[in-house]
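Take a look at the structure set out below.
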Amino acid sequence: MAGKLYLCATPIGNLDDITLRVLNTLKEVDLIAAEDTRHSIKLLNHFEIKTPMTSYHEYNKVEKARYLVGLLKDGQNIALVTDAGTPAISDPGEELVRQCYEAGVEVTSLPGPAACITALTLSGLSTRRFCFEAFLPSDKKERQQILDTLKNETRTIIMYEAPHHLVKLLEELSETLGDRKMTLCRELTKRYEEAKQTTIAEALAWYKVNEPKGEMVLVIEGKPFSEIRKEQEAAWQELSLEEHMERYESQGIDRKEAMKLVAKDRGISKRDVYQMLLK
Ligand code: SAM
Numbered sequence: 026m027a028g029k030l031y032l033c034a035t036p037i038g039n040l041d042d043i044t045l046r047v048l049n050t051l052k053e054v055d056l057i058a059a060e061d062t063r064h065s066i067k068l069l070n071h072f073e074i075k076t077p078m079t080s081y082h083e084y085n086k087v088e089k090a091r092y093l094v095g096l097l098k099d100g101q102n103i104a105l106v107t108d109a110g111t112p113a114i115s116d117p118g119e120e121l122v123r124q125c126y127e128a129g130v131e132v133t134s135l136p137g138p139a140a141c142i143t144a145l146t147l148s149g150l151s152t153r154r155f156c157f158e159a160f161l162p163s164d165k166k167e168r169q170q171i172l173d174t175l176k177n178e179t180r181t182i183i184m185y186e187a188p189h190h191l192v193k194l195l196e197e198l199s200e201t202l203g204d205r206k207m208t209l210c211r212e213l214t215k216r217y218e219e220a221k222q223t224t225i226a227e228a229l230a231w232y233k234v235n236e237p238k239g240e241m242v243l244v245i246e247g248k249p250f251s252e253i254r255k256e257q258e259a260a261w262q263e264l265s266l267e268e269h270m271e272r273y274e275s276q277g278i279d280r281k282e283a284m285k286l287v288a289k290d291r292g293i294s295k296r297d298v299y300q301m302l303l304k
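Count along the sequence shown from 1, add 25, and you get the number used in the working numbering.
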């Protein structure tokens, strides 16, 4: 019988945040795959867990996942832990999960700490709708494309960043999104935990002169719908009626429907649009 992969969430700072289920699983599995064995040994020692460990990280993830899948198919049960938080969130876990599914190996996820959710709940910003952008890619073009898509993002945005890249990210966010409310969550669950309610511009000014330190999550307010509506109205007002119709028709919308949309945008009746177009 094949074994099972257990994704085990581990604390992001405070060791008391480990769950009983994760502790039992780490004790019972045959092997623990860890992102950094030197880091995870501290956790295992703290909880007196003696299960053998093997390393599984960004730079060996493809071949190592193949090897681990082989062990799983031979009947071993394996737990995956990463440096902190929930495996597969902004770490190499995703590759192993993908390969397990390809090989028909069962996977289960044991929930626990995740920096993104902890930060969101602490942010004081809207938690109803949110998107997680993790770390922006380092490729310049791809990075700009993502920033551009965030311009009109109405959901709360969650991002990860390393302290030495924070100022660059804040500069890019300021340029692309303008000033927005933001909560900067640092050192979550640790002794000097901080959730600073600020704005992009204010944080940028502060961190240009004060060196950023510690692990951090940025939680940024989404663009208000009212602002989007105002911008759209301003854009329509610059268009003639014909140009406004053309906007919709060029998207493949038929003339009747386009007249309906134009009337709605301009706050006039469909009949008025029809009459004006006739003239
Ligand atoms: N898998 C992890 C999770 O579930 O959150 C994330 C791993 S990612 C490689 C590491 C990033 O998570 C850090 O750069 C930081 O942005 C964020 N992070 C992790 N622990 C944190 C903490 N205690 N406080 C604030 N941010 C943290």
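Built from N, CA and C at the ideal position, the CB exists for glycine as well.
Exposure label - residue i; buried when at least 16 CB within 10 Å
| i | result |
| --- | --- |
| Gln276 | exposed |
| Lys176 | exposed |
| Thr174 | exposed |
| Leu45 | exposed |
| Leu298 | The sequence shown places Val at residue 298, not Leu. By the neighbour-count rule (16 or more Cβ atoms within 10 Å), Val298 is buried. |
| Lys248 | buried |
| Asp279 | exposed |
| Ser148 | buried |
| Met26 | exposed |
| Lys75 | exposed |
| Leu302 | exposed |
| Asp99 | exposed |
Distance, residue j Cα to residue i Cα
| i | j | result |
| --- | --- | --- |
| Ala228 | Arg154 | 24 Å |
| Gly203 | Lys295 | 36 Å |
| Gly137 | Asp41 | 11 Å |
| Lys67 | Glu256 | 53 Å |
| Gln262 | Glu200 | 26 Å |
| Tyr92 | Ala283 | 57 Å |
| Ile293 | Leu209 | 44 Å |
| Tyr273 | Arg180 | 26 Å |
| Thr62 | Asn70 | 12 Å |
| Ala128 | Val94 | 7 Å |
Residue closest to residue i, alpha-carbon to alpha-carbon, out of the options
| i | options | result |
| --- | --- | --- |
| His190 | Gly292, Cys33, Val242, Tyr81 | Val242 |
| His64 | Asp279, His82, Ser151, Pro138 | His82 |
| Lys304 | Glu271, Leu56, Glu267 | Glu267 |
| Lys193 | Glu178, Ile183, Arg216, Ala226 | Ala226 |
| Leu150 | Val122, Ile114, Ile183, Glu258 | Ile183 |
Short Cβ contact (9 Å threshold) for residue i with residue j
| i | j | result |
| --- | --- | --- |
| Val54 | Thr35 | no |
| Ala172 | Leu161 | The question names Ala, but residue 172 is Leu in the sequence shown. Yes, the pair counts as a contact, with Cβ atoms nearer than the cut-off. |
| Gln124 | Ala90 | yes |
| Leu96 | Ile57 | no |
| Glu246 | Lys221 | no |
| Lys23 | Glu131 | Outside the modelled stretch of the chain, which goes from 26 to 304, sits residue 23, for which no answer is possible. |
| Asn102 | Tyr31 | yes |
| Thr107 | Ala140 | no |
| Leu213 | Thr111 | no |
| Glu5 | Arg168 | Because the chain is modelled from 26 through 304, residue 5 falls outside the range shown and cannot be assessed. |
- Please list, following the chain, all residues that have a C-beta closer than 5 Å to any non-hydrogen atom of ligand 1. Ile37, Gly38, Ala109, Gly110, Thr111, Ile114, Ser115, Asp116, Ala139, Ala140, Tyr185, Leu213, Glu240, Val242
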